[in-house]
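A.B. asks: Following this message is one structure expressed as structure tokens.
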Amino acid sequence: LDQVGGDVSDGGKKLRDALSKLSFDTPTGKVSLDKNRNAIADIFLTEVTEGADGNLLNKLVKVVPQVNQTLGIPEDEFMKLGAVNRDNPSCP
Numbered sequence: 032l033d034q035v036g037g038d039v040s041d042g043g044k045k046l047r048d049a050l051s052k053l054s055f056d057t058p059t060g061k062v063s064l065d066k067n068r069n070a071i072a073d074i075f076l077t078e079v080t081e082g083a084d085g086n087l088l089n090k091l092v093k094v095v096p097q098v099n100q101t102l103g104i105p106e107d108e109f110m111k112l113g114a115v116n117r118d119n120p121s122c123p
């Protein structure tokens with residue numbers, strides 16, 4: 032909003048354009064927005080394990096960098112997969 036001076040009189044086009052160029056650092060890494068204004072960010076895969084004291088804790092398994100809306104699949108291929116649900120796309 033600062034970048035467009037709060038002006039959304041064009042239906043928000045200038046704001047959407049500004050958001051598409053936005054990138055910022057967070058405690059968990061860089062975050063930017065795609066053309067649909069969905070976040071592109073690092074994803075942290077963890078496993079719940081039992082610590083030495085018997086308490087459960089999250090153990091980092093892997094960091095997947097800069098995951099986008101299509102999970103890294105080219106957009107045209109992702110769209111061919113059909114509607115997203117608990118079984119689609121598959122998670123091998």
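The sequence shown begins at 32 in my numbering and counts up by one. Every residue, glycine too, gets a C-beta built ideally from N, C-alpha and C. The model shown is predicted, which means the values in this text are computed figures rather than measured ones.
1. Skipping 5 residues on each side, what residues in its chain have a beta carbon closer than 8 Å to that of L87?
2. Under the rule that 16 or more other beta-carbon atoms within 10 Å means buried, what is L64, buried or exposed?
3. Alpha helix (DSSP H) containing S63: first to last residue?
4. Can you tell me which residues form a DSSP beta bridge with S54?
5. Which whole-angstrom value is the C-beta distance of V92 and L76, which I expect to be below 8 Å?
6. Report the residue ranges of all beta strand (DSSP E) runs contained in full by the region 66-91; include only those spanning at least 3 residues, in chain order.
7. Taking I74 as the reference, give the member of T57, A49, D33 with the closest Cα.
C.D. replies: The structure says:
1. V79, T80, E81
2. buried
3. Looking at the DSSP string, S63 is not in any alpha helix (DSSP H); the run it does join, the beta strand (DSSP E), is 60-64.
4. S63
5. 5 Å
6. 70-81
7. T57
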